[in-house]
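This is the structure in structure tokens:
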């Protein structure tokens, strides 16, 4: 399976998102995000470099641990640490990150402050007013999220 930089970046981005939700060290999360920016901007194909036996460590934003992760992704098409993290973090949180107005930071707050683990939990929090009680979640956001949830529900039934 040939893995390109876009797929590597996708997996590392997902890993960073889930690490952030899981409460990992912010500097660690930022390091993964910086590596993704490098992968998006470099003309160097990581699969080719790994295949030719080049060291990835030392490339901009790539340390030993990240180089090992990229090598694993290139060789296997997956990242075992991501799969382990996906077992710990509720799967429904990924659905929430797709909603307009919610990114990883807001989803993390919803998860940690209100125990929201997916769209159904979010809908209940909106209806109960619990969402508006959180700083930064008032105003038009609850209505926008309600509309986005309704739209995603109707889209999943078609």
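Residue numbers (my numbering): 684 to 841. By construction, the Cβ of each residue, glycine as well, lies at the ideal position given by its N, Cα and C atoms.
> Is DSSP giving residue 822 helix, strand or coil here?
Replying inline: coil
> Under the three-state reduction of DSSP, which class applies to residue 693: helix, strand or coil?
Replying inline: helix
> From the DSSP output, which residues share a beta bridge with residue 740?
Replying inline: 742
> Roughly how many whole angstroms lie between the Cα atoms of residue 787 and residue 755?
Replying inline: 25 Å
> From residue 841 to residue 733, what distance separates their C-alpha atoms?
Replying inline: Residue placement at residue 841 is poorly supported in this model, since its pLDDT is 38, which falls under 50; the coordinates still yield a value, given next. Each residue's Cα considered, the two are about 43 Å apart.
> residue 703: buried (16+ other C-beta within 10 angstroms of its C-beta) or exposed?
Replying inline: buried
> If you count every other CB in all the chains shown that lies within 10 Å of the CB of residue 748, and 16 or more means buried, which is it?
Replying inline: exposed
> Just the Cα atoms here: how many angstroms apart are residue 715 and residue 812?
Replying inline: 35 Å
>> Quick check: residue 799 and residue 829, are their CB atoms within less than 9 Å of each other?
In response: no
> From residue 769 to residue 832, what distance separates their C-alpha atoms?
Replying inline: 23 Å
> Helix, strand or coil: how does DSSP classify residue 686 here?
Replying inline: coil
>> I need the DSSP call for residue 763, collapsed to helix, strand or coil.
In response: helix
> Thinking C-beta only, is residue 700 closer than 9 Å to residue 780?
Replying inline: yes
>> Please report the straight-line C-alpha distance between residue 783 and residue 739, rounded to a whole angstrom.
In response: 36 Å
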